[in-house]
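*Asks:*
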Amino acid sequence: SLDYALALMQEAHSAGARPLLFGNKYNVDRGGQIQVDVAAAKDAAVRAEGQAMESSSLMDAVKFAISSEEAAVDGQGVEAVSPDGKRSSISKAIDSMKSWFGQDRPKGSKGVLRPSLKGTKGIKQVLKEGDLHLRPAQELQDSESAVTCICFGQERLHKGYLLLATASKDGTVVVYRCYRTEMEIAMLADQDFSSTAGDPLETPPADQSKVAVHSRLVGHARAITSLFFTLLEDQLVTTSIDKSVRFWSVDSGEMLKVFTDSSPVPVATFLPFNPQVFVAANSNAVLRLVHVANGTVLQKLKVETEVRALKFDDTGLFLLAGTKSGSIHVLEAADSSTLKFKFKVNLARGGVTCITFVPAAHGQPPCLLVNTSDCSATIIDCTYGQGVLTNLTVRHRCRVAHELLPLKNCYSPSSQGWMISGSENKEIHIYGLGKEYKMHYLKYHQVPVVAVAVNLQDTMLASADSLGRVVLWRRLDFSHIPD
């Protein structure tokens, strides 16, 4: 029970440990009711100087613990040791778990992404100082209609491949299978993929292209504004200018459900604590909470102007809503079907087109990466008190060519962390979140880069442009080539 877990957590805190309170969402994900006061549980974890998280997979808790341990070590510059000067058993256990899940990275490793392709001696000889070792590995193009948004999915389901969904201005969605390299498969170590063993799709195409069309989703009449996978990743959700939110089968491409609105829908997202409910914004500045099963509108919330970006923080309690006027509204998920306005921050003169949430790491607080159409990509620190989000403050602004298009950004956790953004000057902007604040550029596209995404394994960057071209970037490894 929660009471028993809280008592154990206090004992752990008293013994000098940093507790992790894990909420099992298995039953909730399958339609069950939440049995505890989530806010009270998170507050208790904060008071015990610990963390709280929810998932239906214990593996997520292990990975969370690993990343938290790495952040603590990076922030302190020391390693946990016992009184006799030896490495503590906790540090050894963390190292062991890293090897199980393929997350043991060389200390001091720098650069963007984890290397996933072997480089050649010839390439190494022509490298310039400061080269990120990122190279285009594949190009995809289904039409010349601008790609508006992209996202990766099903990374934990298949050993041989992951999915990349791409949505376009003409209303079509193409889902690709992107086959893993030998280096990527080696990183997966002993993860269990027995449920998909023997699947013929695990074998790459005979033409060695490493990419194949998985499915096509046809039904939208106008531009798609956002897309994302459902919790189980067997369905995709899309929103569109055609005033609809649609659910699709990822494998068959079949349209499963359509929810219509009175005006265009710029963005939607699921409530983390109730995946049967999604929140959708329309161009009349109304947020609607809708139940997936029956289409019931559980709540309508009027905001001052159209919301164009939505993102929950990692507590799952606070929703960041970026608006057409350049402000960010902070809303609290008061329960499993209600949002409550908390506060607003005026950020920019241009409209918000994308918000990415970055958890606390490397001694830095949690932050937001925000694109606005006044030629800015901004890093915004999130301040919490007793588990409650209380303020948003600008850490740094980066100049990115952005005035007209709905540009997107994403995050790579490599090294000290990187913000990666599209731009209207044809370049991909890559900005280090460490103390250097140095901007890097990838030049390859011939037209504006609208959307970018990094996969969960942090081995692949996808970039998509206004003429429908999608480029898959990988980092080259030269460790096998002597200096």
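Reminder that position 30 of the sequence shown reads as 30 in the working numbering, one-by-one numbering, no gaps. Positions of the beta carbon are idealized from the N, C-alpha and C atoms, including for glycine.
What are the start and end residues of each continuous beta strand (DSSP E) run of 3 or more residues lying completely inside the stretch 111 to 190, in chain order?
*Replies:* Those beta strand (DSSP E) runs which fall completely within the stretch 111 to 190 and span 3+ residues are 134 to 141, 147 to 153, 161 to 168 and 173 to 179.
*Asks:* Tell me whether residue 349 is buried or exposed, calling it buried when 16 or more other Cβ atoms sit within 10 Å of its Cβ.
*Replies:* Here residue 349 refers to the residue found at position 349 of the sequence shown. So residue 349 ends up on the exposed side.
*Asks:* May I ask you to list the residues that DSSP assigns as paired with residue 289?
*Replies:* Numbered from 1 along the sequence shown, position 289 holds the residue referred to as residue 289. In the DSSP output, where bridge partners are listed per residue, residue 289 has 279 and 299.
*Asks:* In the DSSP assignment, the beta strand (DSSP E) including residue 570 goes from what residue to what residue?
*Replies:* Residue 570 falls outside the range modelled here, since the chain spans only 1 to 483, and no answer is possible.
*Asks:* Below 6 Å CB to CB, which residues in the same chain sit around residue 6 once its five sequence neighbours on both sides are set aside?
*Replies:* Within the sequence shown, the letter at position 6 stands for residue 6. These residues qualify, in order along the chain: 44.
*Asks:* Counting pairs of Cβ atoms below 8 Å between the stretch 419 to 432 and the stretch 373 to 388, do you hit three or more?
*Replies:* They touch, by the three-pair rule.
*Asks:* Specify, as a first and last residue, the run of the beta strand (DSSP E) that residue 411 falls within.
*Replies:* Here the question's residue 411 lines up with position 411 in the sequence shown. Counting along the chain, the beta strand (DSSP E) containing residue 411 begins and ends at 409 to 412.
*Asks:* Is the separation between the beta-carbon of residue 158 and that of residue 120 shorter than 7 Å?
*Replies:* Translated into the one-based positions of the sequence shown, residue 158 becomes position 158. Translated into the one-based positions of the sequence shown, residue 120 becomes position 120. Against a cut-off of 7 Å, the Cβ pair of residue 120 and residue 158 comes out as no contact.
*Asks:* Using alpha carbons as the reference points, say which of 244, 201, 229 and 235 lies closest to residue 221.
*Replies:* Counting from 1 along the sequence shown, the entry for residue 221 is found at position 221. Looking at the Cα atoms, 244 is the closest of the given residues.
*Asks:* Beta-carbon separation of residue 55 and residue 25 under 7 Å?
*Replies:* Position 55 of the sequence shown, counting from 1, holds the residue named residue 55. Position 25 of the sequence shown, counting from 1, holds the residue named residue 25. Cβ distance < 7 Å, so residue 55 and residue 25 count as in contact.
*Asks:* How many Å lie between residue 439 and residue 453 at the Cα?
*Replies:* Counting from 1 along the sequence shown, the entry for residue 439 is found at position 439. Counting from 1 along the sequence shown, the entry for residue 453 is found at position 453. So the alpha carbons of these two residues sit roughly 18 Å apart.
*Asks:* If we ignore side chains and look at the alpha-carbon of each, how far apart do residue 414 and residue 455 end up?
*Replies:* Counting from 1 along the sequence shown, the entry for residue 414 is found at position 414. Counting from 1 along the sequence shown, the entry for residue 455 is found at position 455. The straight-line gap from Cα to Cα measures roughly 12 Å.
*Asks:* Starting from residue 235, trace the beta strand (DSSP E) both ways and give me its first and last residue.
*Replies:* Translated into the one-based positions of the sequence shown, residue 235 becomes position 235. Element bounds for residue 235: 235 to 240.
*Asks:* My assumption, with CB atoms under 8 Å, is that residue 302 sits in contact with residue 286. Please give the rounded CB distance.
*Replies:* Taking the sequence shown and counting its residues from 1, one reaches residue 302 at position 302. Taking the sequence shown and counting its residues from 1, one reaches residue 286 at position 286. The pair is a contact, with the Cβ atoms about 6 Å apart (cut-off 8 Å).
*Asks:* Looking at the secondary structure, which residues open and close the beta strand (DSSP E) in which residue 429 lies?
*Replies:* The sequence position of residue 429 within the sequence shown is 429, counting from 1. Note, residue 429: beta strand (DSSP E), 427 to 432.
*Asks:* According to the Cβ coordinates, are residue 173 and residue 231 closer than 7 Å?
*Replies:* Indexing the sequence shown from 1 puts residue 173 at position 173. Indexing the sequence shown from 1 puts residue 231 at position 231. No, the Cβ-Cβ distance between residue 173 and residue 231 is not below 7 Å.
*Asks:* Is it the case that the Cβ atoms of residue 137 and residue 472 are separated by a distance below 7 Å?
*Replies:* Taking the sequence shown and counting its residues from 1, one reaches residue 137 at position 137. Taking the sequence shown and counting its residues from 1, one reaches residue 472 at position 472. The answer is yes: Cβ separation under 7 Å.
*Asks:* Look up residue 194 in the DSSP assignment and say whether it is helix, strand or coil.
*Replies:* Taking the first residue of the sequence shown as 1, we reach residue 194 at position 194. DSSP places residue 194 in helix when its eight states are reduced to three.
*Asks:* Check whether the Cβ atoms of residue 458 and residue 412 lie closer than 7 Å to each other.
*Replies:* As a first step, residue 458 is located in the sequence shown; it is residue number 458 there, counting from the start. As a first step, residue 412 is located in the sequence shown; it is residue number 412 there, counting from the start. Their beta carbons are under 7 Å apart, which means residue 458 touches residue 412 by this criterion.
*Asks:* In chain order, what residues of the same chain lie with their CB nearer than 7 Å to the CB of residue 169, ignoring the 5 residues before and after it?
*Replies:* Position 169 of the sequence shown, counted from the first residue, corresponds to residue 169. Result list for residue 169: 145, 146, 148 and 223, in chain order.
*Asks:* Would you decide whether residue 399 is buried or exposed? Buried here means 16 or more other CB atoms lie within 10 Å of its CB.
*Replies:* To locate residue 399, count along the sequence shown from 1; it is residue 399. When all chains shown are included, residue 399 counts as exposed.
*Asks:* In whole angstroms, give me the CA-to-CA distance for residue 261 and residue 282.
*Replies:* Indexing the sequence shown from 1 puts residue 261 at position 261. Indexing the sequence shown from 1 puts residue 282 at position 282. When rounded, the distance between both Cα atoms is 7 Å.
*Asks:* With DSSP as the reference, label residue 456 as helix, strand or coil.
*Replies:* Position 456 of the sequence shown, counting from 1, holds the residue named residue 456. In the structure shown, residue 456 sits in coil (DSSP, three-state: anything other than H, G, I, E or B).
*Asks:* Under the three-state reduction of DSSP, which class applies to residue 307: helix, strand or coil?
*Replies:* Working through the sequence shown from its first residue, we reach residue 307 at position 307. Residue state, collapsed to three classes: strand.
*Asks:* Do the stretch 314 to 330 and the stretch 340 to 354 touch if we need at least three Cβ pairs shorter than 8 Å?
*Replies:* With the cut-off at 8 Å, the stretch 314 to 330 and the stretch 340 to 354 touch.
*Asks:* Assuming residue 273 is part of the beta strand (DSSP E), what are its boundary residues?
*Replies:* Taking the sequence shown and counting its residues from 1, the one referred to as residue 273 is at position 273. Careful: residue 273 lies outside any beta strand (DSSP E) and carries neither H nor E.
*Asks:* Rounded to the nearest angstrom, what separates residue 304 and residue 319 at their Cα positions?
*Replies:* As a working mapping, residue 304 is identified with position 304 in the sequence shown. As a working mapping, residue 319 is identified with position 319 in the sequence shown. Each residue's Cα considered, the two are about 16 Å apart.
*Asks:* Counting along the chain, where does the beta strand (DSSP E) carrying residue 333 start and finish?
*Replies:* Counting from 1 along the sequence shown, the entry for residue 333 is found at position 333. Start and end: 327 to 335.
*Asks:* Comparing alpha-carbon positions, which option in 210, 242, 209 and 199 lies nearest residue 219?
*Replies:* Locating residue 219 in the sequence shown gives position 219, counting from the first residue. Ranking 210, 242, 209 and 199 by Cα distance to residue 219 puts 242 first.
*Asks:* With H, G and I counted as helix, E and B as strand and the rest as coil, what does DSSP make of residue 2?
*Replies:* To locate residue 2, count along the sequence shown from 1; it is residue 2. Helix.
*Asks:* Count the other CB atoms within 10 Å of the CB of residue 371; is the residue buried (16 or more) or exposed (fewer)?
*Replies:* Here residue 371 refers to the residue found at position 371 of the sequence shown. Buried: at least 16 other Cβ atoms inside 10 Å.
*Asks:* I need the boundaries of the beta strand (DSSP E) containing residue 232, first residue and last residue.
*Replies:* For the purposes of this step, residue 232 is taken as residue 232 along the sequence shown, with counting starting at 1. Segment: none, residue 232 is in no beta strand (DSSP E) and carries neither H nor E.
*Asks:* Please state whether DSSP places residue 364 in a helix, a strand or coil.
*Replies:* Walking along the sequence shown from the start, residue 364 turns up at place 364. Strand.
*Asks:* Considering only DSSP beta bridges, list what residue 396 is partnered with.
*Replies:* As a first step, residue 396 is located in the sequence shown; it is residue number 396 there, counting from the start. BP columns for residue 396 point to 379.
*Asks:* First and last residue of the beta strand (DSSP E) that includes residue 374?
*Replies:* Stepping through the sequence shown from its first residue, residue 374 is reached at position 374. Neither: residue 374 is in no beta strand (DSSP E) and is coded neither H nor E.
*Asks:* Helix, strand or coil: how does DSSP classify residue 345 here?
*Replies:* Numbered from its first residue, the sequence shown carries residue 345 at position 345. In the structure shown, residue 345 sits in a strand (DSSP, three-state: E or B).
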